[in-house]
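Q:
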Amino acid sequence: MTCRALERSFYARPAIEVARALLGKILVHGPARARIVETEAYLGLTDAAAHASRGRTPRTEVIFGPPGHAYVYLIYGMYECLNVVAEPEGQAGCVLIRALEPLKGIESMRRRRSGIDRIEQLANGPGKLTLAMGITRKHNGADLTRGPLTVCGGCENDFEIGVSRRIGITKNPDLPLRFFVAGSPFVSRSVGRPLVP
DNA sequence: CAATAGATCATCT
DNA sequence: GATGATCTATTGC
Numbered sequence: 359m360t361c362r363a364l365e366r367s368f369y370a371r372p373a374i375e376v377a378r379a380l381l382g383k384i385l386v387h388g389p390a391r392a393r394i395v396e397t398e399a400y401l402g403l404t405d406a407a408a409h410a411s412r413g414r415t416p417r418t419e420v421i422f423g424p425p426g427h428a429y430v431y432l433i434y435g436m437y438e439c440l441n442v443v444a445e446p447e448g449q450a451g452c453v454l455i456r457a458l459e460p461l462k463g464i465e466s467m468r469r470r471r472s473g474i475d476r477i478e479q480l481a482n483g484p485g486k487l488t489l490a491m492g493i494t495r496k497h498n499g500a501d502l503t504r505g506p507l508t509v510c511g512g513c514e515n516d517f518e519i520g521v522s523r524r525i526g527i528t529k530n531p532d533l534p535l536r537f538f539v540a541g542s543p544f545v546s547r548s549v550g551r552p553l554v555p
């Protein structure tokens, strides 16, 4: 099937809805393609774990902007994380992409993730997938409805959605805002046992 | 297998 | 000046 970028209305919804809906969709960057298998929702002022919880700053401006854009930031001085901006313009909310199943351009991904042999480990974490896909801070603010970096509809929607707490945060850690394709070997292992086994 | 250390810097106080 | 939506390597049981 063809790969047509999701339209802006897809993203103009609550972050939780978008986080669930993004599972199974295809992340495209140039020739590279991968299926989204794990996401986390970050809310607005009420969510202490969210960057947007402290309101508008130069960095968080994108999160308050129009939906369907990328929010990419540097974490721990080393890795970059890709988020998708959700909610109507003016409202804060975004979705962290946490893990991908590589589909196309896998040789390039291997090159960018030197030392990794197993395909399951090329993009099974937020810092790993940006490396594998060649996504950097220069993509911050990029429009995901057009351009080299987009998200397209997937063909397969026949999977169970697992839910758990979010991973790696210290503030507001108890909400069930992490979603993943149940049973997928491409989901990041690390911490966070499912709430619903 | 689980726990921990260290790398490294943009952002905000 | 402290902190952090991480990852890898290493140590310990």
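Okay, so the first sequence: first residue is 359 according to my numbering, each after it adds one.
All residues carry an ideal CB built from backbone N, CA and C; glycine is no exception.
It should be emphasised that the depicted structure is a prediction, and the values quoted were computed from it without experimental measurement.
1) Just how far apart, CA to CA, sit residue 399 and residue 532?
2) Beta-carbon separation of residue 544 and residue 440 under 8 Å?
3) Can you have a look at residue 557 and say buried or exposed, based on whether 16 or more other CB atoms are within 10 angstroms of its CB?
4) What's the C-alpha gap between residue 489 and residue 448?
5) Classify residue 456 as helix, strand or coil using the three-state DSSP reduction.
6) Which ranges would you report for the beta strand (DSSP E) in the segment 415–478 if only whole runs of at least 3 residues count?
7) Pick from 486, 411, 392: whose alpha carbon is nearest that of residue 436?
8) Suppose you measure from the CA of residue 471 to the CA of residue 491; what does that come to, to the nearest Å?
9) With which residues is residue 384 paired in a DSSP beta bridge?
10) CB residue 445 to CB residue 425, shorter than 8 Å?
11) Give the straight-line distance between the Cα atoms of residue 383 and residue 506, rounded to the nearest whole angstrom.
12) Looking at the strands, I want to know which residues DSSP matches up with residue 545.
13) So for residue 374, helix, strand or coil by DSSP?
14) For residue 442 versus residue 535, is the C-beta spacing smaller than 8 Å?
15) Which of helix, strand or coil does DSSP assign to residue 540?
16) From 509, 495, 368, 407, pick the residue whose C-alpha is nearest to that of residue 362; which is it?
A: Quick answer:
1) Rounded to whole angstroms, residue 399 and residue 532 show a C-alpha spacing of 13 Å.
2) No. Outside cutoff.
3) Residue coverage of the chain in this structure runs from 359 to 555, which leaves residue 557 outside it and unanswerable.
4) Cα to Cα, residue 489 sits roughly 30 Å from residue 448.
5) Under the three-state reduction of DSSP, residue 456 is assigned to strand.
6) Listed in chain order, the beta strand (DSSP E) elements of length 3 or more contained wholly in the segment 415–478 are 428–433, 437–443, 452–462.
7) Considering only alpha carbons, the answer is 486.
8) Straight through space, the alpha carbons of residue 491 and residue 471 are spaced by roughly 10 Å.
9) DSSP, once it has assigned bridges, lists 393, 510 as partnering residue 384.
10) With contacts defined as CB atoms closer than 8 Å, residue 445 and residue 425 qualify as a contacting pair.
11) Taking the straight line joining both Cα atoms gives about 16 Å.
12) Answer is none; residue 545 lacks a bridge partner.
13) Looking at residue 374 - three-state DSSP - the assignment turns out to be helix.
14) For the pair residue 442 and residue 535, the CB atoms are not nearer than the 8 Å cut-off.
15) Correct three-state label for residue 540: coil.
16) Of 509, 495, 368, 407, the residue nearest in Cα terms is 509.
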